[in-house]
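What follows is a single structure, written as structure tokens, with notes after it.
2 protein chains.
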Amino acid sequence: MTAFERLMAYERDTQALSQISGRLGWDQETMMPRGAASQRGIEMAALEAVLHARRSAPEVGEWLETAQAPDEVGAAHLREIRRSYERAVKVPGDLAKKLAQVTSEAQGKWAQARADEDVAAFVPVLEEVVALKRQEAEALAADGELYDALVADYEHGTTSAEIAAIFDAMRPALVDLRARVLDRPAPRGLEGKFDEAVQMKLARKLARAFGYDMDHGRVDKAVHPFSSGSGLDVRITTRTSESDPFNCFYSTIHEVGHAAYEQNISRDYLLTPLGRGVSMGVHESQSRIYENQLGRSRAFTGWLFDQMKDSFGDFGIADADAFYAAVNKVHNGYIRTEADELQYNLHVMLRFDLERALMQGDLEVKDLEAAWNDRFEADFGYAVDKPSNGCLQDVHWSVGLFGYFPTYSLGNVYAGCLHEALRQEVPDLDAQLAKGDTSAATGWLGQALQQHGGLRSPKDTIAEAAGMVPDHAPLLNYLEAKFSAIYDL
Amino acid sequence: MTAFERLMAYERDTQALSQISGRLGWDQETMMPRGAASQRGIEMAALEAVLHARRSAPEVGEWLETAQAPDEVGAAHLREIRRSYERAVKVPGDLAKKLAQVTSEAQGKWAQARADEDVAAFVPVLEEVVALKRQEAEALAADGELYDALVADYEHGTTSAEIAAIFDAMRPALVDLRARVLDRPAPRGLEGKFDEAVQMKLARKLARAFGYDMDHGRVDKAVHPFSSGSGLDVRITTRTSESDPFNCFYSTIHEVGHAAYEQNISRDYLLTPLGRGVSMGVHESQSRIYENQLGRSRAFTGWLFDQMKDSFGDFGIADADAFYAAVNKVHNGYIRTEADELQYNLHVMLRFDLERALMQGDLEVKDLEAAWNDRFEADFGYAVDKPSNGCLQDVHWSVGLFGYFPTYSLGNVYAGCLHEALRQEVPDLDAQLAKGDTSAATGWLGQALQQHGGLRSPKDTIAEAAGMVPDHAPLLNYLEAKFSAIYDL
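If you're matching them up, the sequences are chains D and B in order. At position 139 of the first sequence the residue is numbered 139 (my numbering), and the sequence of numbers has no breaks. Quick note, my numbering runs 1000 ahead of the 1-based positions in the second sequence.
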């Protein structure tokens, strides 16, 4: 076997073991008996140690030195294996161990601090996490900002300066649009109770309508919906709340976006470094375009309105226009995960600017709460009432996920670009969506983007599919047009 | 760290990874989407390779050379680690690989041959498996019969000669008892339909009644019921058939016997070599005593009769005595897994004698069908009608499980011994079982046997708990008394 073939064979087993790790994560959130947590922790750590040893194995470095890619795809494989290998060997083992240990404890302390509304209790913990993540970034960084090295874990090939340029251009427009919308009379929202078993039945129908392949996946319930796995086994979860079926339906469509991406990657890439979604941002572009640009469109909600009437009878919404307004209702709120399509990005940009400043040393952890509250009031026009609605609301920082937040909004920006291209590609899209038929849209996304997996960089993946360098203008134009129509601006 | 401590730390991770492998097996039978099988195969093989490398790692051999056990339990740990290490290094890698490959293909060919009722198609496949298993046994055997080396994988410390002595003594008595019972009028069996959701509800109640800990387990459905996992996460499966609720209930109790054994092993042994049931035979003793001596007793079936009336209303069985007879109805049949408590062991002994002869070279694969059919008619009094009811009925041989069959009946023999001791220990057992209370019985088994895990050899585990060297007399006496009463012999 050549060095290239050896690498690929070795990598296949590493990818397979990594899939197992993901499957255990799924099990933990859906099936695992509650008394099994401590044993599962030991099992996961043992598997993680195996994976880390494989990713940083000296023979991988040796094979990489001599391996010759047979073609362009082979070159992409080598590029991804090299990236993973360098990531694994650059961070000293002691630091990695310390980070794992500190973030594991920090998560519990964050949960307690949030329950107690006690920022002061969390400050020293977060200071430690920030210090360690800065050390990690120093170990990883070749040049540029420290923060860039962390962003690269989730969106490689994109700098924080590039992200900041996009976000800074979007922010005033979104603040302005939000103010104009909330100045108008609020549409009627959903009221009443909706049987949860019936919700799940309709959720499965929606999943199928968006092309989710049940032969290579399944739908279960979890507290926080997620998608898990790559290739031939990609499972999603959703949740139900008797009073809020939209949560169930749009969580489902969102996760189907993630899962369909994984399911539609070329089978040639199965269990290779290219056989997974290329980045968090591109992943989020798929979940968001499924959920928002398609799922919350006037055309598709018309179909969904009929489905809901079939499932639940008359539920107090007069017609499809009123239903569309209810689905897309803009409302004040502190919590990112509950935000509507318009305001969501403002929540994310706030976090991006703050965590970037923390990593650059421009903001100290002790000043985080004040900085958060100031920024929130500036963008949303009202004050944070308590830390659990403010800087303690998300788990991310406690577990060391710095550089992750911006990918949520990058995904929206990417989705905006893709949606513009899709509308050109499929001129009668609305006529299809109005019949609940997403196949032209999801088929185009599969062809233009999803099948390629990790072949190209995240940025190039979007550029190739959308035919443009990622830009915020399509998203802003789309939001302006959509909410102007709904709110009669 | 001392060599002993290093070994124990290393072993903990090996056990943890082995638990993961078991969990994936569970997933495969209960949750996995059907299109995921090929990817799962690669994942399992990758994990199996990691496990094999760990079990046969040279450092394990080095640590074993110098490790000093601090106490008796430590000595048992070392004994078990040594046994596993020697098992792993004795079989040449090429042979192990060849066996995995051949048995994997043989299973498919067996299934096809069984569907086609075509023994001739299976003969060359089985010849290859037998030849490889003999090679494996030669690599493993220190002295004694080749077959003993295979039995040791499932019941270490027990020779096939010892097993043969027990089985040969039992066989004529069972053949005789069977003939006398089937000479009597058959009791009425169950008729009608029983809602499967209601069956599952009662199955969960039965699981709890037998002490199954739902905080560290869960009950799902699978085609073939099984128990999976050790320590804090031990899951069981059962099945339902509308016309046969006994299948669901007694499969559940049987698997609870296996699972309770794993759950009740001392937490001090968690993820150590002693933290799993010590052998297949001892495991089966627990599943069988739960299922038969307790679950099919006159006392417990009285309680179950009331439960079934509560669940299903009048279902055509007049009273608790008639219900007891229905639960324990003896009936002709070809299939081992469908056999009643009385005849089951005759099915097993047949397989034991034939596979022992195959391994010893006293029987050739081409003569297997005739040998099976002769023996079957001798013991059961009627001829095998087709291969799927004869020598093609079980998957075991195709996948190389030689030495496994006898543990089913050894388990029954052990259960007989334990039941005799239990009756002495808990004189009013029947009064408790009549109330559906198994706690004294399962509590005694937990104390006397289950908590010790792999501390002692299988034989000593039974001897310590039952206070006697394993012997067939208690089982025979129990069966004779039970069926004499039911059938008025």
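Virtual Cβ for every residue (Gly too), placed ideally from N, Cα, C. Here the structure is a predicted model, which means the values were calculated and not measured.
Can you grab the Cα-Cα spacing for the pair isoleucine 289(D) / asparagine 412(D), in whole Å?
Position 289 of the first sequence holds residue 289(D). Position 412 of the first sequence holds residue 412(D). Taking the straight line from one Cα to the other gives about 8 Å.
Minimum Cβ-Cβ distance from histidine 216(D) to chain B less than 7 Å:
For the purposes of this step, residue 216(D) is taken as residue 216 along the first sequence, with counting starting at 1. By this cut-off, histidine 216(D) is an interface position.
Which whole runs of the beta strand (DSSP E) in the region 191-231 of chain D are 3 residues long or more, in chain order?
219-221
By the 10 Å Cβ neighbour count, where 16 or more other Cβ atoms means buried, how is methionine 120(D) classified, buried or exposed?
Walking along the first sequence from the start, residue 120(D) turns up at place 120. The residue asked about is misnamed: residue 120(D) is alanine in this sequence, not methionine. It counts as exposed.
Using DSSP with H/G/I as helix, E/B as strand and the rest coil, what is arginine 235(D)?
Sequence index remark: in the first sequence, residue 235(D) carries index 235 (1-based). Note: arginine 235(D) maps to strand in three-state DSSP.
Identify, in the order they occur along the chain, each residue of the same chain with its Cβ nearer than 8 Å to the Cβ of lysine 193(D), setting aside the five sequence neighbours on each side.
Counting from one through the first sequence, the residue named residue 193(D) turns up at place 193. For lysine 193(D), where only same-chain residues beyond five positions count, the Cβ hits under 8 Å are Glu242, Ser243.
Please determine if the region 1308-1316 of chain B and the region 1276-1288 of chain B are in contact, where contact requires at least 3 C-beta pairs separated by less than 8 Å.
no
Which chain B residues are close to serine 38(D), counting only those with a beta carbon under 7 Å from its beta carbon?
On the first sequence, residue 38(D) is found 38 positions in, with the first residue counted as 1. What serine 38(D) touches in chain B: Leu1232.
Compute the distance between the beta-carbons of arginine 1208(B) and lysine 1221(B), then report whether it is under 7 Å.
Position 208 of the second sequence holds residue 1208(B). Position 221 of the second sequence holds residue 1221(B). No; because the gap between Cβ atoms is not below 7 Å, this pair is not in contact.
For chain D, find out if any of its Cβ atoms is closer than 7 Å to the Cβ of arginine 1034(B); answer yes or no.
To locate residue 1034(B), count along the second sequence from 1; it is residue 34. For arginine 1034(B), the answer is yes, since a Cβ of chain D falls inside 7 Å of its Cβ.
Say whether the region 1434-1446 of chain B touches the region 1366-1381 of chain B, bearing in mind that this needs 3 or more beta-carbon pairs closer than 8 Å, one atom from each stretch.
no
Go through its chain and collect everything with a Cβ distance to glycine 400(D)'s Cβ below 7 Å, but skip five positions before and after it.
Along the first sequence, read from residue 1 onward, the residue named residue 400(D) stands at position 400. The residues are Leu99, Thr103, Val129, Lys133.
Would isoleucine 1163(B) pass as a contact of proline 1406(B) if the rule is Cβ separation under 7 Å?
Taking the first residue of the second sequence as 1, we reach residue 1163(B) at position 163. Taking the first residue of the second sequence as 1, we reach residue 1406(B) at position 406. Their beta carbons are under 7 Å apart, which means isoleucine 1163(B) touches proline 1406(B) by this criterion.
If we count the other Cβ atoms within 10 Å of its Cβ and call it buried at 16 or more, is glutamate 1011(B) buried or exposed?
The residue you call residue 1011(B) lines up with position 11 of the second sequence. Buried.
Can you name the residues of chain D whose CB is closer than 7 Å to the CB of alanine 1046(B)?
Your numbering for residue 1046(B) matches position 46 in the second sequence. Correct list: Asp13, Ala16, Leu17.
Check each candidate in Gly436(D), Ala325(D), Val426(D) and name the one with the smallest Cα separation from proline 185(D).
Counting from 1 along the first sequence, the entry for residue 185(D) is found at position 185. Checked all of Gly436(D), Ala325(D), Val426(D); the closest Cα to proline 185(D) is Ala325(D).
Length-filtered (4 minimum) alpha helix (DSSP H) runs lying within the region 53-98 of chain D:
58-66, 72-90
Distance, Cα to Cα, serine 230(D) vs threonine 272(D)?
As a first step, residue 230(D) is located in the first sequence; it is residue number 230 there, counting from the start. As a first step, residue 272(D) is located in the first sequence; it is residue number 272 there, counting from the start. Whole-angstrom Cα-Cα distance: 11 Å.
Identify, in the order they occur along the chain, each residue of the same chain with its Cβ nearer than 8 Å to the Cβ of threonine 1066(B), setting aside the five sequence neighbours on each side.
Counting from one through the second sequence, the residue named residue 1066(B) turns up at place 66. So the list reads Ala1003, once near-sequence residues are dropped.
Measuring only from the beta carbon, is alanine 16(D) closer than 6 Å to any heavy atom that is part of the ligand FAD?
In the structure shown, the ligand FAD is absent, as is every other ligand, since no ligand is present at all.
DSSP three-state assignment for arginine 188(D), whether helix, strand or coil:
For the purposes of this step, residue 188(D) is identified with residue 188 of the first sequence, where counting begins at 1. Correct three-state label for arginine 188(D): coil.
In terms of alpha-carbon separation, which member of Gly1390(B), Gln1360(B), Glu1127(B) lies closest to aspartate 1374(B)?
Residue 1374(B) sits at position 374 when you count from the first residue of the second sequence. Among Gly1390(B), Gln1360(B), Glu1127(B), the Cα nearest to that of aspartate 1374(B) is on Gly1390(B).
Is glutamine 42(D) close to chain B? Criterion is C-beta to C-beta, closer than 7 Å.
Your numbering for residue 42(D) matches position 42 in the first sequence. The sequence given here has isoleucine at residue 42(D), not glutamine. Chain B contact via Cβ: present.
Mind checking which residues open and close the alpha helix (DSSP H) that includes serine 409(D)?
In the first sequence, residue 409(D) corresponds to position 409, counting from 1. Run containing serine 409(D): 405-425, per the alpha helix (DSSP H) assignment.
DSSP state of methionine 1170(B), grouped into three classes?
Stepping through the second sequence from its first residue, residue 1170(B) is reached at position 170. Here methionine 1170(B) sits in helix by DSSP.
Using 8 Å as the Cβ pair cut-off and three pairs as the minimum, do the region 1158-1174 of chain B and the region 1469-1479 of chain B touch?
yes
Is glutamine 1360(B) helix, strand or coil by DSSP?
Walking along the second sequence from the start, residue 1360(B) turns up at place 360. Glutamine 1360(B): helix per DSSP, three-state reduction.
Between glutamate 1005(B) and serine 1279(B), what straight-line distance do the alpha-carbon atoms span, to the nearest angstrom?
Here the question's residue 1005(B) lines up with position 5 in the second sequence. Here the question's residue 1279(B) lines up with position 279 in the second sequence. Each residue's Cα considered, the two are about 25 Å apart.
Under 7 Å between C-beta atoms, does isoleucine 20(D) make it to chain B?
Position 20 of the first sequence, counted from the first residue, corresponds to residue 20(D). True, the Cβ-Cβ gap to chain B drops below 7 Å.
How many Å lie between glutamine 360(D) and glutamate 145(D) at the Cα?
Against the first sequence, residue 360(D) aligns to sequence position 360. Against the first sequence, residue 145(D) aligns to sequence position 145. If I take the Cα positions, the gap works out to 7 Å.
Helix, strand or coil for leucine 7(D) per DSSP?
Working through the first sequence from its first residue, we reach residue 7(D) at position 7. Helix at leucine 7(D).
Would you say valine 50(D) faces chain B, with C-beta separation under 7 Å as the test?
Counting from 1 along the first sequence, the entry for residue 50(D) is found at position 50. Chain B contact via Cβ: present.
Pull up the distance between the alpha-carbon of tryptophan 63(D) and that of alanine 142(D), whole angstroms please.
Position 63 of the first sequence, counting from 1, holds the residue named residue 63(D). Position 142 of the first sequence, counting from 1, holds the residue named residue 142(D). Their Cα atoms are separated by approximately 23 Å.
In three-state DSSP terms, what is glycine 257(D)?
In the first sequence, the residue the question calls residue 257(D) occupies position 257. Helix, per DSSP.
Taking only the alpha-carbon atoms, compute the straight-line gap between glycine 313(D) and glycine 1217(B) and give it to the nearest angstrom.
Against the first sequence, residue 313(D) aligns to sequence position 313. Against the second sequence, residue 1217(B) aligns to sequence position 217. Cα-Cα distance, rounded: 39 Å.
Which residues in chain B have a C-beta closer than 9 Å to the C-beta of leucine 24(D)? List them in chain order.
Taking the first sequence and counting its residues from 1, one reaches residue 24(D) at position 24. Per Cβ cutoff of 9 Å: Ile1020, Arg1023, Leu1024.
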